[in-house]
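Chemist: Under my numbering, residues 98 to 558 are what the sequence shown spells out, in order.
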Amino acid sequence: MSQLASRSISRRSFVTGLGLSVAAAFLAACGGAAPPPTPAPAKPAEAPKPATAPPAAAPKPASKETQFTYTARIGVQADHFDAFAKTFMEKYPHIKYVPQHVPSAEWGQKIQVQAAGGTLADAIWMPSIGLFGQFAHKNLLMDHGPLVKSNNTDLKVFYPAAVEGLTREGKLWGIPWIVHPSRIGLYYNKPLFDEAGVKYPTDKWTWQDLTDAAQKLTKRSGTRTDQFGYQLSPDMWSIIIPIRAYGADYLTPDGKKSTLDTPEAIKAVQEGVADLVNKHKVSPTPDQIEGGSPQMFASKKLAMFQSGYWGASGLYQFAKDIPWSVAPMPIQPNGKRGMFEIDCNSVTKGAKDPDAAFLYCVHMASKEAGIDIAKRGSVPGGRPDVWESAELSEKEHHVIFTKALATTPGLLVPANNRDTEYSDAFRKGLDEVTFGKEGDASKVIKALQPQLQAILDKPAD
Numbered sequence: 098m099s100q101l102a103s104r105s106i107s108r109r110s111f112v113t114g115l116g117l118s119v120a121a122a123f124l125a126a127c128g129g130a131a132p133p134p135t136p137a138p139a140k141p142a143e144a145p146k147p148a149t150a151p152p153a154a155a156p157k158p159a160s161k162e163t164q165f166t167y168t169a170r171i172g173v174q175a176d177h178f179d180a181f182a183k184t185f186m187e188k189y190p191h192i193k194y195v196p197q198h199v200p201s202a203e204w205g206q207k208i209q210v211q212a213a214g215g216t217l218a219d220a221i222w223m224p225s226i227g228l229f230g231q232f233a234h235k236n237l238l239m240d241h242g243p244l245v246k247s248n249n250t251d252l253k254v255f256y257p258a259a260v261e262g263l264t265r266e267g268k269l270w271g272i273p274w275i276v277h278p279s280r281i282g283l284y285y286n287k288p289l290f291d292e293a294g295v296k297y298p299t300d301k302w303t304w305q306d307l308t309d310a311a312q313k314l315t316k317r318s319g320t321r322t323d324q325f326g327y328q329l330s331p332d333m334w335s336i337i338i339p340i341r342a343y344g345a346d347y348l349t350p351d352g353k354k355s356t357l358d359t360p361e362a363i364k365a366v367q368e369g370v371a372d373l374v375n376k377h378k379v380s381p382t383p384d385q386i387e388g389g390s391p392q393m394f395a396s397k398k399l400a401m402f403q404s405g406y407w408g409a410s411g412l413y414q415f416a417k418d419i420p421w422s423v424a425p426m427p428i429q430p431n432g433k434r435g436m437f438e439i440d441c442n443s444v445t446k447g448a449k450d451p452d453a454a455f456l457y458c459v460h461m462a463s464k465e466a467g468i469d470i471a472k473r474g475s476v477p478g479g480r481p482d483v484w485e486s487a488e489l490s491e492k493e494h495h496v497i498f499t500k501a502l503a504t505t506p507g508l509l510v511p512a513n514n515r516d517t518e519y520s521d522a523f524r525k526g527l528d529e530v531t532f533g534k535e536g537d538a539s540k541v542i543k544a545l546q547p548q549l550q551a552i553l554d555k556p557a558d
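1) Threshold first: 4 residues or longer. Then list the alpha helix (DSSP H) segments lying entirely within the segment 481 to 509, N to C.
2) Is the distance from the Cβ of residue 234 to the Cβ of residue 557 below 7 Å?
3) Which word fits residue 291, buried or exposed, when buried means at least 16 other C-beta atoms lie within 10 angstroms of its C-beta?
4) Tell me the rounded alpha-carbon separation between residue 393 and residue 417.
5) In whole angstroms, give me the CA-to-CA distance for residue 460 and residue 192.
6) With DSSP collapsed to three states, give me the class of residue 539.
7) When we look at the beta-carbon of residue 490 and count the other beta-carbons within 10 Å, is it buried (16 or more) or exposed?
8) Can you tell me which of the three DSSP states residue 277 falls into?
9) Report the residue ranges of all alpha helix (DSSP H) runs contained in full by the segment 363 to 451; include only those spanning at least 4 residues, in chain order.
10) Determine the closest residue to residue 288 out of 536, 511, 545, 421, with distance taken between C-alpha atoms.
11) What number of angstroms, rounded off, separates the C-alpha of residue 404 from the C-alpha of residue 510?
12) Can you give, in chain order, each stretch of the alpha helix (DSSP H) that sits fully within the segment 243 to 323 and has at least 4 residues?
13) Let me know the secondary structure DSSP gives residue 333 once reduced to three states.
14) Can you tell me whether DSSP reads residue 524 as helix, strand or coil?
15) Just to confirm the assignment, what range does the beta strand (DSSP E) spanning residue 223 have?
16) Residue 221 to residue 474, Cα distance in whole Å?
17) Could you check how far apart the C-beta atoms of residue 533 and residue 545 are, in whole angstroms? I think they sit under 8 Å.
18) Would residue 305 be called buried (16 or more neighbouring beta carbons within 10 Å of its own) or exposed?
19) Do residue 391 and residue 411 have their beta-carbon atoms positioned less than 7 Å apart in this structure?
20) Who are the near neighbours of residue 166 in its chain, counting only those whose CB is closer than 7 Å to its CB and skipping five residues on each side?
21) Measure the C-alpha to C-alpha separation of residue 236 and residue 353 and round it to an integer number of angstroms.
22) Short check: CB of residue 339 to CB of residue 365, under 7 Å?
23) Do the CB positions of residue 376 and residue 536 come within less than 7 Å of each other?
24) Buried or exposed: which applies to residue 183, given that a residue is buried once 16 or more other Cβ atoms fall within 10 Å of its Cβ?
25) Going by DSSP, what residues sit across from residue 166 in a beta bridge?
26) Can at least three beta-carbon pairs, one atom from the segment 514 to 524 and one from the segment 497 to 506, be found at a separation below 8 Å?
27) Which one of 215, 223, 249, 388 has the shortest CA to CA distance from residue 328?
28) Please say whether residue 512 and residue 351 have beta carbons closer to each other than 7 Å?
29) Quick check: what's the CA-CA separation for residue 255 versus residue 318?
30) So, helix, strand or coil for residue 479, using DSSP?
31) Under the DSSP definition of a beta bridge, which residues are partnered with residue 325?
32) Are the CB atoms of residue 242 and residue 268 nearer to each other than 7 Å?
33) Within 10 angstroms of its Cβ, does residue 349 collect 16 or more other Cβ (buried), or is it exposed?
34) Give me, in chain order, the residues of the same chain whose beta-carbon lies closer than 6 Å to that of residue 444; leave out the 5 immediate sequence neighbours on both sides.
35) Please check the pair residue 379 and residue 315, which I expect to be a contact at CB under 8 Å, by giving their CB distance rounded to whole angstroms.
36) Between the segment 429 to 440 and the segment 461 to 469, can you find at least three pairs of beta-carbon atoms closer than 8 Å?
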């Protein structure tokens with residue numbers, strides 16, 4: 098990537114440059130397509146306790162009264178940040194936490210408008226896919242390297258891939274908060290498998306195994322499908338899963354060239370997406386989905402669906418009386434599973450007291466915070482001691498995802514930071530396939546490939 102250039106950005110040019118269509122991307126960043134209502138976990142999260150093993154051995158700050166503002170998405174996320182702000186202010190009584198949260202569906206738009214108007218909060222939540230690279234490149238976030246050094250912060254407590262994923266153009270732009278292996282979960286309804294006499298999925302399943310099982314689990318009454326065997330997710334970040342599982346990828350390692358038109362990638366989209374919707378008709382098109390995956394699952398209209406770690410929260414709420422489990426998504430010989438994604442907390446360039454805001458970002462990276470956010474129905478923190486904790490490991494789905502995370506390949510995004518523009522074009526380009534209008538993936542990809550490459554050829558944004 099090119100060297101980060103500091104420059105002023107007018108409201109019009111910034112909003113035009115980034116676009117205001119990214120809200121959906123941020124909803125999917127760490128919660129699949131549309132996140133379910135606040136979940137009801139099997140074991141409610143307890144009130145947070147002061148961190149006993151924080152990643153920073155920070156020197157005692159000055160006693161001067163100060164404050165910082167912070168923005169996250171309203172809901173489970175904001176509740177978590179607000180709760181831990183109380184223990185933060187007990188630890189640093191001279192620092193006041195001032196929340197400025199926004200509705201989840203409006204987050205992408207509002208944060209861009211704030212950036213254009215110079216009104217960003219002193220620290221913000223950011224996912225590693227979407228606007229993160231653009232905000233770093235446009236110098237809207239601080240280089241966290243000097244803050245890490247001056248506060249003696251220990252980055253070794255985090256997964257190395259988390260730190261690497263937040264490092265762009267040679268600089269660290271945030272502190273890891275949560276991590277996950279992307280949408281690699283194959284959630285399945287045990288009673289429906291039992292009724293059909295189909296064996297449960299395993300980590301050895303190939304895509305042919307999934308297809309065979311989905312066909313046996315699909316029930317029809319004439320032209321109407323009463324029960325779908327499987328539901329895929331049509332967004333780019335989900336379709337990357339079968340592409341990588343077939344030993345291909347969606348970009349070259351440097352993020353500069355689209356590889357969707359390679360034979361391996363075309364085969365992955367054909368067998369892992371197109372055939373399931375158009376040929377075998379075992380996966381519903383978006384307009385056939387009733388409510389969402391958890392709701393269809395609970396009403397016995399769906400036997401399997403693809404999602405991330407967060408998929409369990411919907412089942413705990415909507416299918417709490419149905420025996421279910423999860424297995425890793427299928428993988429072919431020489432394939433790879435998932436993509437290491439990170440959500441972080443970042444101090445913004447205009448922060449009035451960067452050190453105060455940074456101390457809070459570090460506080461939210463504690464083991465206790467990482468466990469709490471998982472128990473609230475989101476995703477575990479960015480540290481091995483969180484994922485390997487006995488408390489979280491009591492849940493079967495957590496153990497499955499922990500094992501997958503250990504071998505998950507790193508984050509790969511467009512080198513010019515146009516994640517949202519690229520993913521939007523990717524999804525829209527494959528709409529004909531996912532909506533059941535075209536069953537030939539190669540035909541659709543041939544038309545889409547030039548559009549994707551044209552986006553990658555644009556200057557860094």
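Ideal placement from N, C-alpha and C gives every residue a C-beta, glycine not left out.
Modeler: According to the structure shown:
1) 481 to 484, 493 to 502
2) Counting from one through the sequence shown, the residue named residue 234 turns up at place 137. Counting from one through the sequence shown, the residue named residue 557 turns up at place 460. In this structure, residue 557 lies closer than 7 Å to residue 234 by Cβ.
3) In the sequence shown, the residue the question calls residue 291 occupies position 194. With fewer than 16 other Cβ atoms within 10 Å, it is exposed.
4) Here residue 393 corresponds to residue number 296 of the sequence shown, with the count starting at 1. Here residue 417 corresponds to residue number 320 of the sequence shown, with the count starting at 1. Within the model, the alpha-carbon separation for residue 393 versus residue 417 is close to 13 Å.
5) Position 363 of the sequence shown, counted from the start, is the residue given in the question as residue 460. Position 95 of the sequence shown, counted from the start, is the residue given in the question as residue 192. About 13 Å.
6) As a working mapping, residue 539 is identified with position 442 in the sequence shown. Residue 539: helix per DSSP, three-state reduction.
7) In the sequence shown, residue 490 corresponds to position 393, counting from 1. Flag for residue 490 reads exposed.
8) Residue 277 sits at position 180 when you count from the first residue of the sequence shown. Reduced to three states, the DSSP call for residue 277 is strand.
9) Entirely contained in the segment 363 to 451, the alpha helix (DSSP H) runs reaching 4 residues are, in chain order, 390 to 395, 408 to 415.
10) In the sequence shown, residue 288 corresponds to position 191, counting from 1. Cα-wise, what sits closest to residue 288 is 421.
11) Residue mapping note: residue 404 aligns to position 307 of the sequence shown, counting from 1. Residue mapping note: residue 510 aligns to position 413 of the sequence shown, counting from 1. Rounded to the nearest angstrom, the two C-alpha atoms are 20 Å apart.
12) 257 to 262, 287 to 293, 304 to 314
13) For the purposes of this step, residue 333 is identified with residue 236 of the sequence shown, where counting begins at 1. If DSSP states are grouped into helix, strand and coil, residue 333 belongs with the helices.
14) Stepping through the sequence shown from its first residue, residue 524 is reached at position 427. Three-state result, residue 524: helix.
15) Residue 223 sits at position 126 when you count from the first residue of the sequence shown. Where residue 223 is concerned, the enclosing beta strand (DSSP E) stretches over 220 to 224.
16) Against the sequence shown, residue 221 aligns to sequence position 124. Against the sequence shown, residue 474 aligns to sequence position 377. Cα-Cα distance, rounded: 21 Å.
17) In the sequence shown, residue 533 corresponds to position 436, counting from 1. In the sequence shown, residue 545 corresponds to position 448, counting from 1. At roughly 17 Å, the Cβ-Cβ gap does not stay under 8 Å, so residue 533 and residue 545 are not in contact.
18) Here residue 305 refers to the residue found at position 208 of the sequence shown. Burial call: exposed.
19) Taking the sequence shown and counting its residues from 1, the one referred to as residue 411 is at position 314. Taking the sequence shown and counting its residues from 1, the one referred to as residue 391 is at position 294. Yes, the pair counts as a contact, with Cβ atoms nearer than the cut-off.
20) Start at 1 with the first residue of the sequence shown, and residue 166 comes out as number 69. Same-chain partners within the cutoff: 195, 197, 218, 219.
21) Taking the first residue of the sequence shown as position 1, residue 236 is located at position 139. Taking the first residue of the sequence shown as position 1, residue 353 is located at position 256. Taking the straight line joining both Cα atoms gives about 22 Å.
22) As a working note, residue 339 is residue 242 in the sequence shown. As a working note, residue 365 is residue 268 in the sequence shown. Yes; because the gap between Cβ atoms is below 7 Å, this pair is in contact.
23) Looking up residue 376 in the sequence shown gives position 279. Looking up residue 536 in the sequence shown gives position 439. Cβ distance < 7 Å, so residue 376 and residue 536 count as in contact.
24) Numbered from 1 along the sequence shown, position 86 holds the residue referred to as residue 183. By the neighbour-count rule (16 or more Cβ atoms within 10 Å), residue 183 is not buried but exposed.
25) Indexing the sequence shown from 1 puts residue 166 at position 69. Its beta-bridge partners are 195.
26) no
27) Here residue 328 refers to the residue found at position 231 of the sequence shown. Among 215, 223, 249, 388, the Cα nearest to that of residue 328 is on 388.
28) Against the sequence shown, residue 351 aligns to sequence position 254. Against the sequence shown, residue 512 aligns to sequence position 415. The answer is yes: Cβ separation under 7 Å.
29) Here residue 255 refers to the residue found at position 158 of the sequence shown. Here residue 318 refers to the residue found at position 221 of the sequence shown. In a straight line, the C-alpha of residue 255 is about 52 Å away from that of residue 318.
30) As a first step, residue 479 is located in the sequence shown; it is residue number 382 there, counting from the start. Residue 479 falls in the coil class under three-state DSSP.
31) Looking up residue 325 in the sequence shown gives position 228. In the DSSP output, where bridge partners are listed per residue, residue 325 has 399.
32) Along the sequence shown, read from residue 1 onward, the residue named residue 242 stands at position 145. Along the sequence shown, read from residue 1 onward, the residue named residue 268 stands at position 171. In this structure, residue 268 lies closer than 7 Å to residue 242 by Cβ.
33) Here residue 349 corresponds to residue number 252 of the sequence shown, with the count starting at 1. Exposed, because fewer than 16 other Cβ atoms sit within 10 Å of the Cβ of residue 349.
34) Along the sequence shown, read from residue 1 onward, the residue named residue 444 stands at position 347. The answer, listed in chain order, is 220, 239, 451, 454, 455.
35) Residue mapping note: residue 379 aligns to position 282 of the sequence shown, counting from 1. Residue mapping note: residue 315 aligns to position 218 of the sequence shown, counting from 1. Indeed they touch by this definition, with Cβ atoms about 5 Å apart.
36) no
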